[in-house]
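Below is one structure, written out as structure tokens; the observations come after it.
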Amino acid sequence: MQIDHVVCAFCGCVCDDLSVTVEENHVLEVKNACILGRAWMIGHAGQREESVARIDGQPATLEEAVEEAVRILTSARYPLIYGLSSTTCEAQRQAVALAETLGACIDCCTSVCHGPTGLAVQSVGEPTCTLGEVKNRADLVIYWGSNPAESHPRHFVRYAVTPKGLFRPGGRKERTVVVVDVRPTPSVRAADLFLRVRPGKDFECLWALRALVAGRPVDEAAVAQTGLTLAQLRDLAERMKSCQFGVLFAGLGLTQSRGKQMNLAAVFLLVRDLNAYTKFAAIPMRGHGNVTGIDNVMAWQTGYPFGVNFSRGYPRYNPGEYTAVDILSRGEADATLVIAADPAANLPRPAVEHLRRIPTIVLDVQPSETTRLARVSITTAPVGIAVEGTVYRMDNVPLRLRKVLDSPFPSDEEVLRRILQRVKEIKKC
Amino acid sequence: MLIVRNGEVYDPRNGINGEKRDIYVRDGKIVAEPVQGRVIDASGMIVMPGGIEFHAHVAGSKVNLGRKMRPEDHRDIVFPRTAVTRSGVGHTVSSTFATGYALARLGYTTLMEAAGPPLGARHVHEELNDIPIIDKAFFLLMGNNHFVLKFIAERDFDRLKHFVAWLLEACGAYAIKIVNPAGVDTWKWGRNVENLDQPAATFPVTPREIVVNLARVQQELGLPHPIHVHCNNLGVPGNAQVTLETMRAVDGLPIHITHVQFNGYGGTDWTDFCSGAEEIAAYVNDHPNVTIDIGQVVFGPVTTMTADGPWQYRLHKLCGHKWANNDIENETSGGIVPYKFVRKNSVNAVQWAIGLELALMVNDPWRVFLTTDHPNGGPFHAYPDIIKLLMDRDYRAEVMETVHRRVQTHTQLKHLDREYNLYEIAIITRAGPARALGLEHKGHLGPGADADITIYPKIDDPAEMFRQPRYVIKDGEVVVEDGRIVQDRPGRTFYVAPGYDPQIVPTIREEFTRLYTISFENYPVQLEHYLPRREVIPCGNR
Amino acid sequence: MASYSLILITGRSTKQGVGISSGKDQPEYQEATRLLEMSRADLMRLGLQPGDTVRIRSPFGETTVRCSEADLPEGLAFLAYGPAASQLIGGETWATGMPDTKGFEIEVEKVT
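Residue numbers (the working numbering), protein chains in the order written: chain A, 1 to 429; chain B, 1 to 542; chain C, 1 to 112.
Rendered as structure tokens:
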């Protein structure tokens, strides 16, 4: 059986044109997916975990695991709920409700990806657009600190480089593509121009560009420290001012290196400045399939996109205080519930060491570093494959994930709902 | 079963003006025959139908970007969770649970989300579903939609009509919303239009053509609410002329002009900026096809947010505050700029006066509604104060003394003696909006109405009276008592399904696929998932 | 033993991304996340052949991985996100929530 218009939830592209062939509850073939999406759709068909749950590594029933999770969470004084980037908005809502009921901290993968972008939005705002505006109008496309060839493989062909747009019927021929990065990545092959900036010097480049766009003098020696020449920056500034529609895709090269939120603020301010001359937008290259979803759910339900604490019964926000890396590295959390994320593989070492020390509960679709160290692990059904629900693309376009096969395992939403219900019963609230 | 006994009832649709009456509720509806059940003794209290928030930006991607952008709006205003309520934050861009509870505590039971884009309709519904208690619907942005412009350019009225009908149902939306028609299309290239005859960019279609064609579509589809129009040139001195032109353009067809204060300016620049309310009110008085809402300014912090991208950018340049913009492919835009209205600012003072002038100079309260264009003019929390300004001319005069004296010379406000009475307040906050929206079972207390009832203490000071209802009843259930939420329950979402020629779908599918970046099949909202408690409001000849 | 300072960039790679789905305990992911890429010049300076084992040290931890050659500027090394990279990253986020994940100094030496 072939199912079309399937939505892929692996990366922030959220491609929705996948065509999946399913036979006897297995995905046999996937068309239109990139290598990452393909692995996502087909890789899950061979889930190796057989037990719906484990407690201390031993197989357990879902009920036992839920009870143990509830016991851990209700006896904790400062629990942390973390992750939520590879699950549906419906599950994310349950997680926020649970955090509120527990008086817990809740943080999502945003804090280690585009949290700095969120901080920049708070300072200066965000001049942006949806990806179709890029497809239809952009004649200048800049990827800064982003390597879509490996992180968002269909970004070029679906959105920004090759597609024929309403005002760009010539597609690739009508666009100039610039890649700015510290190293020549495979994405450079798609570019007309590669600018190699020194690590940690993006802010200086962006600020110099602002000056050049505004016609202000810029010190050549200062620019040289960035790894680029004044001539290169002048050229880029001129291209930006004279294009008809420019877009700057901002990647983790900006959020995770020196400057962090200041780099993104510089991007947004530069793009804002350019709107005095032409049409220009910035789009953050959100990574995981539904990390934009958790930002959105948290923002509309709590007011803040990440790093929230409910200890006082209402949402408080403080990056550095209520964000996962900080809470864990300082040893403050005394229990963790991880959903659809693998912090043991990806968070800094001090955070991971603390995760190991405290009781950790994890919901995930297959074994991971985190499931291996967890006290309680619950196997859940993969979203967009066996579970329907809402997902948000990197540019905030909401789509509904389809279900193409059945899973013996419960959804994240179902498990969180059960945990929440039991927590409420115990806390009598 | 519920009886609201012996209150002083204001039910303008049924002509009840302060009579002491009992109201009977059965199964969530108001019924004529007496029932047995819980009695709420409303003796000495004022009883009105539940309030209708007629135009507010509270749900969707633009609002959420506003929340993300404004942690400073949330920090000091917090709502801890209770045994009954979820927690929340915020003043002008409050989180969703807090929004629903705040509206309910003010005695409001129905909400119209002012603007949602088709591509983001799912997001609007997700947030609406997290706004507790209140019944709701949203207005669908169409005035710069690619297909709308295209069918108008091709003079293909039939296809336009079927497309609009299809789009409304596909999005689970309620009404046609038009924002800066043609202007937002040009904003996609960084430009704007200034009058009704400058064309859009993608198609050579003028604002005039957009407004007139969509007004005709509304008529032919029998949609319950007229086209809801945010005029061109919002925020610009002298724009009252554009507003008048827009009303004239539809030549007798039903039209609703929204937040007219922002489009009610005389003068030519900020130095001779003055009120254009008198001329607009005179036109409204003479043309029963027109309804307006005022968009009253409230001094203090606001978060301006509209689909009027170019206007928002302009405001950013004027005040220098942070700016967000989000252009939605093929459909519309959205812009956000925090702002603050200041009493001693000459322009803000005149703006403040204009909203009041409109309410005082439009004679028929059935055609002028109380809004602040939340959160643009002010937060809806300010409704009780605005009601007092309309009801109490001495108070109005006092407040006028505290604002910039330009109000005395550049507006008519000081000459306006009219005072609204409770009956008229009930019209501009309940009965009138319900009628304009075509919501037959809202805004009144006659048999068949939804049992949405607000019971106010009888206090001389209208601001105090309206600030804290004694009881708020929703679908016959008491949800608020003395300012506290006592029951949390979800409301319903209204939408329209006008019916369309299915041929429109293959007509647009191919072009859609070329223009958009999603599959056509994934575009329509799955109503059973996103409108779990939905109610179709019938279309028909009006 | 010659040890040498490089600036480390951690990030996504295709194989690492695929490995997330096909299984983090599988060889593909393990290899992809335990491969330190550097320029030929840096390999030579360290006396390394592609495929050799190296120890990477940062102020926060150390890890042992294999090395390979890539088109990188001198002085810059790349390691895909994963358990090895995480060993090297500290918990200080400078009140942003975001640790220093890219562009920090490491010491690299050959493991014999």
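Glycine residues also receive a C-beta, built at the ideal position from the N, C-alpha and C atoms. Please read all numbers here as calculations on a predicted model, not as lab measurements.
Where the alpha helix (DSSP H) through residue i begins and ends
i              : result
M262 (chain A) : Q261 to L274
A39 (chain A)  : I35 to G43
W166 (chain B) : F157 to C171
F104 (chain C) : It is not in any alpha helix (DSSP H) - F104 (chain C) instead sits in the beta strand (DSSP E) that spans K102 to K110.
C89 (chain A)  : C89 to L102
D295 (chain A) : V291 to T302
Amino acids of chain A, ordered along the chain, whose beta-carbon sits closer than 8 angstroms to that of residue i
i              : result
A324 (chain B) : V121, G125, E126, P127 and T128
F97 (chain B)  : Q301
H123 (chain B) : N296, Y392, N396 and P398
I56 (chain C)  : The contacting residues do not exist; I56 (chain C) stays about 12 angstroms from chain A at best.
Interface partners of residue i on chain A, CB under 7 angstroms
i              : result
R534 (chain B) : Near R534 (chain B) there are no residues of chain A at all, since even the closest Cβ is about 16 angstroms away, more than 7 angstroms.
T14 (chain C)  : I35 and E150
Y81 (chain C)  : N346
Within chain B, the residues that residue i reaches when beta carbons sit closer than 8 angstroms
i              : result
P305 (chain A) : K68
Y82 (chain A)  : None at all; the shortest Cβ gap to chain B is about 19 angstroms.
Close Cβ partners of residue i (< 6 angstroms) along its chain, the five nearest in sequence each way excluded
i              : result
A45 (chain A)  : Its pLDDT being 48, under 50, A45 (chain A) is placed unreliably by the model, and nothing is read from it.
I257 (chain B) : V229 and I292
C429 (chain A) : none
R542 (chain B) : Since pLDDT at R542 (chain B) reaches only 42, below the 50 mark, its modelled position is unreliable, and the value read off the structure follows with that caveat. No residues qualify anywhere along the chain.
Contact set for residue i: own chain, Cβ-Cβ below 8 angstroms, skip 5 residues either direction
i              : result
E150 (chain A) : T185, P186 and S187
Y4 (chain C)   : D42, R45, L46, E107, V108 and E109
Y395 (chain B) : K388 and L389
V184 (chain B) : G143, N144, A307, D308, G309, P310, T332 and S333
G12 (chain A)  : H152, M285, R286, G287, H288, G289, V291, T292, R393 and M394
R77 (chain A)  : D334
Listed by chain order, chain C residues near residue i by CB distance under 7 angstroms
i              : result
Q232 (chain A) : Those within 7 angstroms of Q232 (chain A) in chain C number zero; the least Cβ separation is about 16 angstroms.
W40 (chain A)  : S21
R183 (chain A) : I9, L72, P73, L76 and F78
Residues near residue i in its chain [Cβ-Cβ closer than 7 angstroms; skip 5 each side]
i              : result
L209 (chain A) : L233, L236, A237 and L270
A386 (chain A) : K403, L405, D406 and S407
I255 (chain B) : A215, P226, I227, V229, M247, N289 and V290
A497 (chain B) : E169 and V536
L98 (chain A)  : I81, L416, I419, L420 and V423
Per-residue contacts from residue i into chain A (C-beta, under 9 angstroms)
i              : result
V108 (chain C) : Correct list: empty, because the minimum Cβ distance to chain A is about 16 angstroms.
8 angstroms contact criterion, which residue i and residue j should meet: CB distance rounded
i              : j              : result
A324 (chain B) : E126 (chain A) : 5 angstroms
S85 (chain A)  : I294 (chain A) : 6 angstroms
G499 (chain B) : A165 (chain B) : 6 angstroms
T370 (chain A) : D342 (chain A) : 5 angstroms
L234 (chain B) : D327 (chain B) : At roughly 18 angstroms, the Cβ-Cβ gap does not stay under 8 angstroms, so L234 (chain B) and D327 (chain B) are not in contact.
G377 (chain B) : K340 (chain B) : About 12 angstroms; that fails the 8 angstroms criterion.
G115 (chain A) : F306 (chain A) : 6 angstroms
P121 (chain A) : M69 (chain B)  : Here residue 121 (chain A) turns out to be Val, not Pro, going by the sequence shown. Going by Cβ atoms, the distance from V121 (chain A) to M69 (chain B) rounds to 6 angstroms, so yes, they are a contact pair.
A137 (chain B) : H57 (chain B)  : Not quite, the Cβ-Cβ distance comes to about 14 angstroms (not below 8 angstroms), so this is no contact.
A449 (chain B) : P34 (chain B)  : Contact doesn't hold; Cβ gap of about 17 angstroms is too wide.
Limits of the unbroken beta strand (DSSP E) element including residue i
i              : result
C129 (chain A) : P127 to C129
E62 (chain C)  : G61 to E69
Contacts that residue i makes with chain B (C-beta to C-beta distance below 9 angstroms)
i              : result
K135 (chain A) : E329, L515, Y516 and T517
A214 (chain A) : The premise fails here: A214 (chain A) is roughly 15 angstroms from chain B at the closest Cβ pair, so nothing lies under 9 angstroms.
Residue i Cβ short of 6 angstroms to the ligand FMN heavy atom set
i             : result
N64 (chain B) : Summarising the ligand content, the structure contains no ligands, and the ligand FMN is consequently not present.
Within chain C, the residues that residue i reaches when beta carbons sit closer than 8 angstroms
i              : result
I350 (chain A) : Inspection of the sequence shows that residue 350 (chain A) is occupied by Pro rather than by Ile. The answer, in chain order, is F60, G90 and G91.
Amino acids of chain C, ordered along the chain, whose beta-carbon sits closer than 9 angstroms to that of residue i
i              : result
Q261 (chain A) : T96 and M98
Practice task
Could you name the residues of the region 83 to 105 of chain C whose beta carbon sits closer than 7 angstroms to any beta carbon of chain A, in the order they occur along the chain?
Solution key: Of all residues in the region 83 to 105 of chain C, the ones placed with a Cβ closer than 7 angstroms to any Cβ belonging to chain A are P83, S86, Q87, I89, G90, G91, T93, A95, T96, G97, M98, P99, T101, K102 and G103, in chain order.
Open item on the list: Can you pull out the residues from the region 196 to 210 of chain A whose beta carbon lies closer than 8 angstroms to at least one beta carbon of chain B?
Closed with: Residues passing the 8 angstroms Cβ filter: none.
Exercise. Output, in sequence order along the chain, the residues in the region 2 to 19 of chain A whose CB is closer than 8 angstroms to any CB in chain B.
Key: Taking 8 angstroms as the Cβ-Cβ cut-off, the region 2 to 19 of chain A approaches chain B at D4, H5, V7, D16 and D17, given in chain order.
Query - Contact list for the region 176 to 205 of chain B against chain A, Cβ threshold 8 angstroms - result: Along the region 176 to 205 of chain B, going in chain order, the ones with a CB nearer than 8 angstroms to a CB of chain A are K188, W189, G190 and T202.
- Message: Which residues of the region 358 to 378 of chain A have a Cβ closer than 7 angstroms to any Cβ of chain C? Give them in chain order.
- Response: Within the region 358 to 378 of chain A, the residues whose Cβ lies closer than 7 angstroms to some Cβ of chain C are Q366, P367, S368 and E369, listed in chain order.
**Q.** Interfacial residues, the region 239 to 258 of chain A to chain C, with Cβ spacing under 8 angstroms
**A.** So the close ones are L252, G253, T255, Q256, S257 and R258.
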